[in-house]
Structure formats: C-alpha cells, structure tokens
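Residue numbers (the numbering used here): 903 to 1213.
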Ligand SMILES: Cc1ncc(COP(=O)(O)O)c(C=O)c1O
C-alpha cells in the first residue's frame, strides 16, 4: 500500500491472516497485518503518527522534533511521514559516536541513512544527555519555539487514540488480543478499543516492571495483563535462538517478523499455548506492529560477528 499525503490521514483497516490452529485444544491464532500498511510507516508507527502529525499541521507548527536510537523504527517512520507532509523534522539521536558516521553518509546504518535521505536533521547526544529530555527540548525550543515534540517511541495521548483504530468491529469475536510492548502506547490503544469480554495481553520487549504503571496512566480499563517472560534478555539483545525460531516461522507462514518486538510476542503465544495457558477453543488475534526496516542494519552487525542472519 502506498501512502499519499491525504491517505495518511484516512482510516485504514488491515486484514487478519490465519497463522496457526492447534487441533488438540482447538485454539486458533490470527495475525493482524498492520505491517502491510507501508514498508516504513508500518504498523503502530502509522497509528501513532497519524493524529500527532495532524495536530502539528492543524496548529501550524513549523517543525517536528523527536527522539530515538540508531536503529529506531520511530525515527525512520517520522522522517518519511514528515517528508510526505512537507514538515521539516529533527531526530535527537542517542549516541554521540554516531556523528562520525555522518561524514560517511551513514553507510553502515541504513536507518539513519534513510532518515537523512528523507530530509531529517540530526542532533547526536551522549547517552547521559539523552536521558534529560526536558533539557534537550528546551535547547531545541530556544532555537525554534514553534517545534512540535513527539516523545521517544511516539507514545502520547494522540498516539493512543491512533492505536485504538487498529481494532475494528469485526475483531470483537476474538477472546484475546496480543501485542508486543515497548512504551505501552500501542497496548493502551488496544485496551481502550477492545470489548470488556476480551482480554488484551502484552509481551514487553524490555526487561523491568515500569510498564504496568505506564499503561495504567494511559487507561483505567482492567481487561489486560502483561506477560514478562519473553523479553529474551531485553531490548535490542538479539537472541540467536529467537532468530532461528523466527526464520522457521517465516518459512512456514511467509510472514516476516522482527527480532526486537513481534517475534518475541509470537514465540510467547506459541509457548503459552503449548503450556496450556489458554483454555480450549480460544481465538487469539496477534497484532503485527511492523518494524521490519531495522533488519538490514541488524544483519550487517550479525554478519560481521559471524552470527546467524535474519532471513
Ligand atoms: C515494531 C514495533 N512493535 C511494537 C512496538 C512497541 O510499541 P509501544 O512502544 O507502543 O509499546 C514498537 C515500538 O514502538 C515497534 O517499533
């Protein structure tokens, strides 16, 4: 699907694709193919940016500023979307050492290279400075007081509103809705949109217990839980076992996953089914939140280290 400026602000409904049936328990798993919205502004990136960018345009901001790491899906999606709507944007990027890559046109980092080609300006900061977002924000505002800030990972109230649109009326017959989580914004949108008879289950990609409180701040509903057993060492820790598993998932289903988010969720769902976590006849809808753009960059690093590659 090609996103045009006008389409970017329209409603998009994605297909649910059948993935697995477990005959002994009659459990079925479907995948909501949000990844097919667009190769770059894919999945939850599209959903999170939609109302944020609309807000920036409607309120006549003259630039967008956001934050992210070197392989961030959010950075590349924001760069592409801002180019599409002719809004200048700046990415504040974690890691001052990356500045040196700029002179080589980010040749070893396809994410930053792509974002730069889309016209994104970069400000590289140390990991320490990156933690103080308020200070960074004030520095940017001093230069351009008419900047619209989107938080790291894209999560805020407008992002949650966009993520509510992932589900439609036809999805009400599923018992469980599943999603991978980083900041929790996507899960909060799903929780708000799900019926009270449905249970939303989140699979955090990061270690730690902060997410429960973050999500509680975004929604008061109670029809959800987090399963923290499938982070595979935490964010950006690529597990060779998980990569072999997702490669075999791809061979069987032709659905490509990413090792930071969606593969952890799908692995978790399969493992939970095998361990009789879900009751018989359960229907599960797993959301494919996209994020496949980072795979090339991850493979380059893995190739240099002689590790197994993502197919
Ligand atoms: C592909 C992908 N899936 C899931 C997530 C997690 O989303 P959230 O930060 O809203 O929890 C992200 C990060 O935004 C992502 O890039």
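The beta-carbon is built from N, C-alpha and C at its ideal position, and this holds for glycine as well.
Since the model is a prediction, treat every value here as computed from it, not as a measurement.
Based on the DSSP secondary-structure assignment, which residues constitute the bridge partners of residue 1185?
Here residue 1185 refers to the residue found at position 283 of the chain shown. Its beta-bridge partners are 930.
By a C-beta neighbour count over all protein chains shown, 10 Å radius and 16 as the cutoff for buried, is residue 1012 buried or exposed?
Your numbering for residue 1012 matches position 110 in the chain shown. In summary, residue 1012 is buried, with 16 or more beta-carbon neighbours lying within 10 Å of its beta-carbon over all protein chains present.
Residue 1160: buried (16+ other C-beta within 10 angstroms of its C-beta) or exposed?
Residue numbering aside, residue 1160 sits at position 258 when the chain shown is read from its first letter. Under this definition residue 1160 is a buried residue.
Top-ranked residue by Cα proximity to residue 947, from 918, 1194, 1213 and 1039:
Along the chain shown, one-based indexing puts residue 947 at 45. Taking only the C-alpha atoms, the option nearest residue 947 is 1194.
Validate contact between the stretch 1071–1081 and the stretch 988–1002 using beta carbons, cut 8 Å, 3 pairs:
Touching, no, given that fewer than three Cβ pairs across the two stretches are closer than 8 Å.
Do the stretch 927–938 and the stretch 1035–1052 make contact, defined as three or more Cβ pairs closer than 8 Å?
Too few Cβ pairs lie closer than 8 Å, so no.
Apart from the five residues on each side of it in sequence, which residues of its chain come closer than 8 Å, Cβ to Cβ, to residue 1028?
One-based indexing of the chain shown puts residue 1028 at position 126. Contacts found: 997 and 998.
Counterpart residues of residue 948 in DSSP-defined beta bridges
Position 46 of the chain shown, counted from the first residue, corresponds to residue 948. Answer is none; residue 948 lacks a bridge partner.
Report whether the distance from the Cβ of residue 1061 to the nearest heavy atom of ligand 1 is below 8 Å.
Taking the first residue of the chain shown as 1, we reach residue 1061 at position 159. True, at least one ligand heavy atom lies under 8 Å from that Cβ.
With a threshold of 8 Å, establish whether the CB of residue 1216 neighbours any heavy atom of ligand 1.
The structure shown does not extend to residue 1216, since the chain is modelled only from 903 through 1213, so no value can be given for it.
Any heavy atom of ligand 1 closer than 8 Å to the Cβ of residue 926?
Position 24 of the chain shown, counted from the first residue, corresponds to residue 926. No, the beta carbon of residue 926 sits no closer than 8 Å to any heavy atom of ligand 1.
Tell whether a beta-carbon distance below 9 Å holds between residue 979 and residue 966.
On the chain shown, residue 979 is found 77 positions in, with the first residue counted as 1. On the chain shown, residue 966 is found 64 positions in, with the first residue counted as 1. Note that the C-beta distance between residue 979 and residue 966 is not below 9 Å.
Quick test of your reading: residue 915 and residue 1064, contact by CB under 8 Å. State the CB separation rounded to the nearest angstrom.
Along the chain shown, read from residue 1 onward, the residue named residue 915 stands at position 13. Along the chain shown, read from residue 1 onward, the residue named residue 1064 stands at position 162. Not confirmed; about 14 Å, so no contact.
Does any CB atom of chain C fall closer than 9 Å to the CB of residue 944?
Given the protein chain composition of this structure (a single chain), no chain C is represented.
By DSSP, does residue 1128 sit in helix, in strand, or in coil?
Residue numbering aside, residue 1128 sits at position 226 when the chain shown is read from its first letter. Note: residue 1128 maps to strand in three-state DSSP.
Hey, could you find the ends of the alpha helix (DSSP H) residue 1222 is sitting in?
Nothing can be reported for residue 1222: it is not among the residues displayed for the chain, which extend from 903 to 1213.
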